[in-house]
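Residue numbers (my numbering): 291 to 595.
Following this line, the structure appears as structure tokens:
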């Protein structure tokens, strides 16, 4: 192959490997065997070794870095990364809603006394009450909160939450997580309209994907199954055992050598998209958390259903 043919073949291989990565790690589907996928990856790696000028940061071969880092760089978040509030009773939930309504309730609230009934499952013997607010509920995962920044649809920065204002740059380690796309999907106008985006919002999103910045936030985790497999392996090798999946995920992300992170085979679920995707008012990109999940999934992220 000449240089032009080689470049074209490398682009085709990257697209095909990315497609099968998305099917397997995000949608839990398989279309080809592991051996066939390994063959595609090996061909790509060989072509890139022979033609290093065609290697790009978003290539599947670049998920694991070379030399270990000396230390992590600090990075300031675009907006505060807050921790979640824990509620252990119905009263906790009702108190939370009261605090919420102090911020959200308009001058002339639609609910008598300005306080709607809480939309929680009914207790035994409790009668259903009229009205209420709508909520979108999802599971809370126990891992390490991360911010994922994309420029022109390419993954350029991954950071830990840190103190909420400043975290650590762990981009290379997050690249080892196959559920995190190195390049965002480009949803069709119909797919975006189906989740409720207006024509104006669709155009703005297309511009952001082409030449803007998109930030997603989520949770990097280790599954209990992976924890069990690793502990069996470490036990055989006489290595220290991992205490629990939460500590294991956090410790894996903070390894200075990305090869060690890759060995842990972490997962990642996105739960939030940041401004300018999220805005208030009629001109906002997204109006509900359900739409956030819908768009995150269309962009190629793994989300909780």
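Glycine included, C-beta positions come from ideal geometry on N, C-alpha and C.
Since the model is a prediction, treat every value here as computed from it, not as a measurement.
In terms of Cα proximity to residue 309, the closest of 483, 470, 543 is 470. Of all C-beta pairs linking the segment 542-561 to the segment 358-366, three or more are shorter than 8 Å, placing the two stretches in contact.
Of the residues assessed, residue 581 falls on the buried side of the cut-off, its CB having 16 or more other CB atoms within 10 angstroms. Partner residues in the beta bridge of residue 558, as assigned by DSSP, are 510. CA-to-CA, the gap between residue 490 and residue 340 works out to about 45 Å. With distances taken between CA atoms, residue 318 lies nearest to 557 out of 579, 337, 585, 557.
Looking at 476, 433, 529, the one whose alpha-carbon comes closest to that of residue 444 is 476.
Rounded to whole angstroms, the gap between the alpha carbons of residue 292 and residue 525 is 50 Å. Taking C-beta separations shorter than 6 Å and ignoring five residues to either side along the sequence, the partners of residue 510 in its chain run 433, 434, 436, 539, 543, 556, 558, following chain order. By alpha-carbon distance to residue 549, the top candidate from 467, 314, 298 is 467. DSSP places residue 444 inside the beta strand (DSSP E), whose first and last residues are 444-450. Note that the C-beta distance between residue 561 and residue 458 is not below 8 Å.
For residue 464, the closest C-alpha among the options 446, 485, 294 is that of 446. In this model, residue 431 and residue 537 are separated by some 13 Å (Cα to Cα). For residue 434, the enclosing beta strand (DSSP E) stretches over residues 434-441. Under the 8 Å Cβ criterion, the segment 294-308 counts as touching the segment 329-340, having at least three qualifying pairs.
Put simply, the backbone Cα of residue 517 is about 10 Å away from that of residue 523.
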